[in-house]
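Asker: Chains as they are written, first to last, in the numbering used here: chain D, 127 to 344; chain X, 127 to 344; chain L, 308 to 540; chain F, 308 to 540.
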Amino acid sequence: MALTREQIAMRVAQELEDGFYVNLGIGIPTLVANYIPEGVKVMLQSENGLLGMGQFPTEETIDPDLINAGKQTVTAVTGAAFFSSAESFAMIRGGHVDLTVLGAFEVDQEGNIASWMIPGKLVKGMGGAMDLVAGAENIIVTMTHANKHGVSKILKKCTLPLTGAQCIKRVITELALMEIKDGAFHLIERAPGVSVEEIQEKTEADLVVPDDVPEMKF
Amino acid sequence: MALTREQIAMRVAQELEDGFYVNLGIGIPTLVANYIPEGVKVMLQSENGLLGMGQFPTEETIDPDLINAGKQTVTAVTGAAFFSSAESFAMIRGGHVDLTVLGAFEVDQEGNIASWMIPGKLVKGMGGAMDLVAGAENIIVTMTHANKHGVSKILKKCTLPLTGAQCIKRVITELALMEIKDGAFHLIERAPGVSVEEIQEKTEADLVVPDDVPEMKF
Amino acid sequence: MSGFDKVVHSYEEALEGFTDNMTVMVGGFGLCGIPEGLIEQVYKMGCSGLTAISNNAGVDGFGLGKWLEKRQISTMIGSYVGENELFEKLLLSGEMEVILTPQGTLAEKIRAGGAGIPAFFTATGFGTQVAEGKETRNIDGRDYVLEPSLTADFALIKAWKADTMGNLIFNKTAMNFNPMMATAGKITVAEVEEIVEAGELDPNYIHTPGIYVQRVIKGNSFEKRIEQRTVRA
Amino acid sequence: MSGFDKVVHSYEEALEGFTDNMTVMVGGFGLCGIPEGLIEQVYKMGCSGLTAISNNAGVDGFGLGKWLEKRQISTMIGSYVGENELFEKLLLSGEMEVILTPQGTLAEKIRAGGAGIPAFFTATGFGTQVAEGKETRNIDGRDYVLEPSLTADFALIKAWKADTMGNLIFNKTAMNFNPMMATAGKITVAEVEEIVEAGELDPNYIHTPGIYVQRVIKGNSFEKRIEQRTVRA
Numbered sequence: 127m128a129l130t131r132e133q134i135a136m137r138v139a140q141e142l143e144d145g146f147y148v149n150l151g152i153g154i155p156t157l158v159a160n161y162i163p164e165g166v167k168v169m170l171q172s173e174n175g176l177l178g179m180g181q182f183p184t185e186e187t188i189d190p191d192l193i194n195a196g197k198q199t200v201t202a203v204t205g206a207a208f209f210s211s212a213e214s215f216a217m218i219r220g221g222h223v224d225l226t227v228l229g230a231f232e233v234d235q236e237g238n239i240a241s242w243m244i245p246g247k248l249v250k251g252m253g254g255a256m257d258l259v260a261g262a263e264n265i266i267v268t269m270t271h272a273n274k275h276g277v278s279k280i281l282k283k284c285t286l287p288l289t290g291a292q293c294i295k296r297v298i299t300e301l302a303l304m305e306i307k308d309g310a311f312h313l314i315e316r317a318p319g320v321s322v323e324e325i326q327e328k329t330e331a332d333l334v335v336p337d338d339v340p341e342m343k344f
Numbered sequence: 127m128a129l130t131r132e133q134i135a136m137r138v139a140q141e142l143e144d145g146f147y148v149n150l151g152i153g154i155p156t157l158v159a160n161y162i163p164e165g166v167k168v169m170l171q172s173e174n175g176l177l178g179m180g181q182f183p184t185e186e187t188i189d190p191d192l193i194n195a196g197k198q199t200v201t202a203v204t205g206a207a208f209f210s211s212a213e214s215f216a217m218i219r220g221g222h223v224d225l226t227v228l229g230a231f232e233v234d235q236e237g238n239i240a241s242w243m244i245p246g247k248l249v250k251g252m253g254g255a256m257d258l259v260a261g262a263e264n265i266i267v268t269m270t271h272a273n274k275h276g277v278s279k280i281l282k283k284c285t286l287p288l289t290g291a292q293c294i295k296r297v298i299t300e301l302a303l304m305e306i307k308d309g310a311f312h313l314i315e316r317a318p319g320v321s322v323e324e325i326q327e328k329t330e331a332d333l334v335v336p337d338d339v340p341e342m343k344f
Numbered sequence: 308m309s310g311f312d313k314v315v316h317s318y319e320e321a322l323e324g325f326t327d328n329m330t331v332m333v334g335g336f337g338l339c340g341i342p343e344g345l346i347e348q349v350y351k352m353g354c355s356g357l358t359a360i361s362n363n364a365g366v367d368g369f370g371l372g373k374w375l376e377k378r379q380i381s382t383m384i385g386s387y388v389g390e391n392e393l394f395e396k397l398l399l400s401g402e403m404e405v406i407l408t409p410q411g412t413l414a415e416k417i418r419a420g421g422a423g424i425p426a427f428f429t430a431t432g433f434g435t436q437v438a439e440g441k442e443t444r445n446i447d448g449r450d451y452v453l454e455p456s457l458t459a460d461f462a463l464i465k466a467w468k469a470d471t472m473g474n475l476i477f478n479k480t481a482m483n484f485n486p487m488m489a490t491a492g493k494i495t496v497a498e499v500e501e502i503v504e505a506g507e508l509d510p511n512y513i514h515t516p517g518i519y520v521q522r523v524i525k526g527n528s529f530e531k532r533i534e535q536r537t538v539r540a
Numbered sequence: 308m309s310g311f312d313k314v315v316h317s318y319e320e321a322l323e324g325f326t327d328n329m330t331v332m333v334g335g336f337g338l339c340g341i342p343e344g345l346i347e348q349v350y351k352m353g354c355s356g357l358t359a360i361s362n363n364a365g366v367d368g369f370g371l372g373k374w375l376e377k378r379q380i381s382t383m384i385g386s387y388v389g390e391n392e393l394f395e396k397l398l399l400s401g402e403m404e405v406i407l408t409p410q411g412t413l414a415e416k417i418r419a420g421g422a423g424i425p426a427f428f429t430a431t432g433f434g435t436q437v438a439e440g441k442e443t444r445n446i447d448g449r450d451y452v453l454e455p456s457l458t459a460d461f462a463l464i465k466a467w468k469a470d471t472m473g474n475l476i477f478n479k480t481a482m483n484f485n486p487m488m489a490t491a492g493k494i495t496v497a498e499v500e501e502i503v504e505a506g507e508l509d510p511n512y513i514h515t516p517g518i519y520v521q522r523v524i525k526g527n528s529f530e531k532r533i534e535q536r537t538v539r540a
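1. Pick out the complete alpha helix (DSSP H) segments inside the stretch 225-267 of chain D, 4 residues or longer, and give them in chain order.
2. Please tell me whether I568/L has its Cβ less than 7 angstroms away from any Cβ of chain D.
3. Given M243/D, which residues of its chain have a CB within under 6 angstroms of its CB, disregarding the five upstream and five downstream residues?
4. Which of the three DSSP states is assigned to S559/F in this structure?
5. Pull up the distance between the alpha-carbon of S361/F and that of A212/X, whole angstroms please.
6. Would you kindly work out how many angstroms separate the C-alpha atoms of T412/F and T270/D, rounded to a whole number?
7. Spatial neighbours of E530/L within its chain, please: CB distance less than 7 angstroms, with the 5 preceding and 5 following residues excluded, ordered by chain position.
8. At a CB distance below 7 angstroms, what residues from the stretch 180-201 of chain X approach chain L? Give them in sequence order.
9. With respect to the alpha helix (DSSP H) encompassing S214/X, which residues constitute its N-terminal and C-terminal limits?
10. Can you find a C-beta in chain D that's less than 7 angstroms from the C-beta of I513/F?
11. Whose CA, out of V277/X, K328/X, A159/X, lies closest to the CA of T226/X?
12. Leaving out the 5 sequence neighbours to the left and right, which residues in its chain are closer than 7 angstroms to P155/D when beta-carbon positions are compared?
13. What do you get for P163/X, buried or exposed, if any count of 16 or more other CB atoms within 10 angstroms of its CB means buried?
14. Name the two residues that bound the continuous alpha helix (DSSP H) containing Y451/L.
15. Under 8 angstroms between beta-carbons, which chain D residues line up against G492/F? List them in chain order, please.
16. Measuring CA to CA, which of R449/F, Y451/F, F484/F is closest to K465/F?
17. Consider the Cβ of R296/X: report whether some Cβ of chain L lies at a distance smaller than 7 angstroms.
18. Looking at the C-beta of M308/F, does it have a partner C-beta in chain X at a distance below 7 angstroms?
19. In its own chain, which residues sit with a C-beta less than 6 angstroms from the C-beta of G145/D, not counting the 5 before and 5 after it?
20. Identify whether E498/F lies in helix, strand or coil by the three-state DSSP scheme.
21. Any contact of the stretch 198-214 of chain D with the stretch 491-510 of chain F, i.e. 3+ C-beta pairs under 8 angstroms?
22. Taking 8 angstroms as the cut-off, does the stretch 436-456 of chain F touch the stretch 473-488 of chain F (at least 3 CB pairs, one atom from each stretch)?
23. Quickly, what does DSSP pair R257/L with across the bridge? List them, please.
24. For F428/F, I'd like the list of residues in its chain whose CB is within less than 8 angstroms of its CB, leaving aside the five on either flank, ordered along the chain.
25. Going by beta carbon distance, what residues of the same chain come within less than 8 angstroms of D327/L, once the five residues before and after it are set aside?
26. Any beta-carbon of chain X closer than 7 angstroms to the one on I360/L?
27. Using 7 angstroms as the limit for Cβ to Cβ distance, is F428/F near chain L?
28. Going by DSSP in three states, V388/L sits in which element: helix, strand or coil?
29. Does DSSP put R378/L in a helix, a strand or coil?
30. Does chain X have any CB closer than 7 angstroms to the CB of M472/L?
31. Would you be able to state if there are at least three C-beta pairs under 8 angstroms between the stretch 305-315 of chain X and the stretch 330-342 of chain X?
32. Skipping 5 residues on each side, what residues in its chain have a beta carbon closer than 6 angstroms to that of N493/F?
33. For K542/L, name the three-state secondary structure that DSSP assigns.
34. Any C-beta of chain X sitting closer than 7 angstroms to the C-beta of L407/F?
35. Taking 7 angstroms as the cut-off, decide whether the C-beta atoms of T495/L and G421/L are in contact.
36. Within its chain, find whatever has a CB closer than 6 angstroms to the CB of G337/L; leave out the 5 residues flanking it on each side and keep chain order.
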């Protein structure tokens, strides 16, 4: 069975380590915060100027001056710090954030990622995504493996304008966890009940499949 | 009569305007703070991270964490701010300081200044001087016109390693106030009782002398 | 009156000298920490041909969205269009020039402008549209893009509190782009919620020293509209 | 124990992994805001071949002056020799390599190193010895020098207060180079006067967020020697 959005987030959350500073993008990445493993403490960085993002506020504690990068009202945890956008991206660009999780339209086997525009159709702007992919040592991309017509988004070469070049090493989709190295995707884990064949079918890129592909554990 | 150090400082102080942010170097420039004209308020910037430097502390209020760029214990005035060295030089380099006053070993008619080392003999380091001469829109150099042997320090071309190239426009010595333009010094004012001839004699550089050279007024 | 009293008492005075075709930075991230009254005043004045530098362009009908309505902006430099339909329309139709800039690069370009750094290298955007036409260089095995800095004729920013000398503090994530923009405007105008006497802000915790700020105005009122009102049960 | 508890309880622990031939940044301006105990510990350990990055090199017999005594530094990057006779002697004799760097350029090189900017242009030093061998460029009619950034294996800094998570605040002009160095060390060790619980420092006024700080140690005692004791009557 393909993973739900929540299950993708759960699988990503297994990559978190105690003491990590983490930046979670909009969409599925945001959900990761709900599945932080027991005994693991992480600090969430929000690129609009907050280290130590907490849960949503209550109606009583809502504060328009306290939002996250998705413009959602949030809270700050104990030990948080506020700072400017320049300082925030100094952290990101300077490689101080341990893990970044973000979504994508397409990724390819060279490690390129496209996530910010569809020419002539959709222009949301890159926001902080280009800085995040250039700056974070450790990036996980969460995305769907193919579009609703079954067309693969795991490509030999991205077709959309890039967000970053040769920067992506790990991708988690509803079907698989893959690593990119030596110009190919490597299948590391598959979603429970999903066959290697289905993954191959939905992957346009070169896919290296080892003899044994374990199922993800939750 | 040649000006005393105090009189040089007094003449410089006449250049201060109400609302100026000013950086005063070590030596004669420091004395300028004692002669700020009535009705004129200035804020003194100290490049180690203080905007709004005040007078020396009393024995009771002395604080080792509060010093100026000359490493002297000082105080902070009402409305002062503390900040990092990076922020401090952002102010300086970014041209936010209205006036910088600093000393020199030599200046020349191209606007070059040498103030930080005498090869093989004296190396104090440039400290913030190179940044100050490159960043301040408005620089006044205070210095003695010649050394104790009568050798001019107002030169056609500096002989010592430069602090900055083509950045100096105004020089005040114990003998004269001069401006540098079009590759020459221009005599603007002379110290009371000092003859144009004496100034010419002690100036190695090309010196443009107008018909009338007024005396400085104190 | 001291030369360090930066307080002005009307939006007209706050924006004296602001004209058509100027370059203007506007603080804020989304609708958080924007100088609402100053934006409104420029809208009223109707100045056009503006080059606006701001992370976002407000939303339809609020913030910089109002300048878009009146077509006051000829060039927009920002990182995110978001849900602003008019912005997206003007961009796609080419009616307004839009220079989309990565958010961190935008923040750093503004900081650099204020700090007298004319250009710097960054890895952000290498190999993408952002790097097109720009110098690139490999330094110690990594590829970088040379980015020029940004300055502006006016910087319109929002702070929480100011003292009369223009020292500023910001509140929480309403800080965002405001401190860098304060340094990069030839004339920086800070719209604030409260003005206190000099000396009331602790000199150790001032976010923006007064040297960067030319004018301070107490805002009439702040709507502080929320874009994504999210609460827990 | 949480992964965010940065507190260590001995200078040995604070400097674990510090070895010969490393590059080390040391905060402070003159003797103001220097990590006295960490400097002393490196002196005790006797590590040599160090590349030290610090605005000054202490005074004879105190601060980095002690490292000079033991000839622990092979390359010194700083802006000011000042009245430190041994420093001047080692420089003039060539016994120690000294890279004199304008103070503002030094501060910016360190900030850039921490912020992932590998190089930037500055007008400072153009036409002087500082620019020799460096790329220069005329941008919009002004000449600039390209300066590469600096990073270090260890950054040894001094702060006023820390919380257990490594958030720092500095006191007055004892801030100086410390915040930038905190960002540029692979391992940043902060020696502080007081450690408080997380949450006790106001998140709005933290000078250095804990993400930059790997270890925090409460200093045994601070002499805080004054170089120029000036008082008024």
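By construction, the Cβ of each residue, glycine as well, lies at the ideal position given by its N, Cα and C atoms.
Answerer: So, from the data block:
1. 255-261
2. Examination of residue 568/L is not possible in this model, given that chain L is present from 308 through 540 alone.
3. V249, P287
4. The first residue shown for chain F is 308 and the last is 540, placing residue 559/F beyond what the model contains.
5. 14 angstroms
6. 47 angstroms
7. E343
8. none
9. 211-219
10. yes
11. A159/X
12. V227, L228, G229, T268
13. exposed
14. Here Y451/L belongs to no alpha helix (DSSP H); instead the beta strand (DSSP E) covers 449-455.
15. Simply none; closest approach about 11 angstroms.
16. F484/F
17. no
18. Confidence at M308/F is low in this model, with a pLDDT of 46, below 50, so its placement is unreliable and the value that follows should be read with caution. No, because no Cβ of chain X sits closer than 7 angstroms to the Cβ of M308/F.
19. none
20. strand
21. yes
22. no
23. No answer is possible for residue 257/L: the residues shown for chain L start at 308 and end at 540.
24. R444, I446, Y451, V452, L453, E454
25. C354, S355, G356, L357
26. no
27. yes
28. coil
29. coil
30. yes
31. yes
32. The question names Asn, yet the displayed sequence has Lys at residue 493/F. Cβ neighbours of K493/F beyond the five flanking positions: D460.
33. For chain L, the structure presents residues 308 to 540; residue 542/L sits outside this window and is missing.
34. yes
35. no
36. N363, E534
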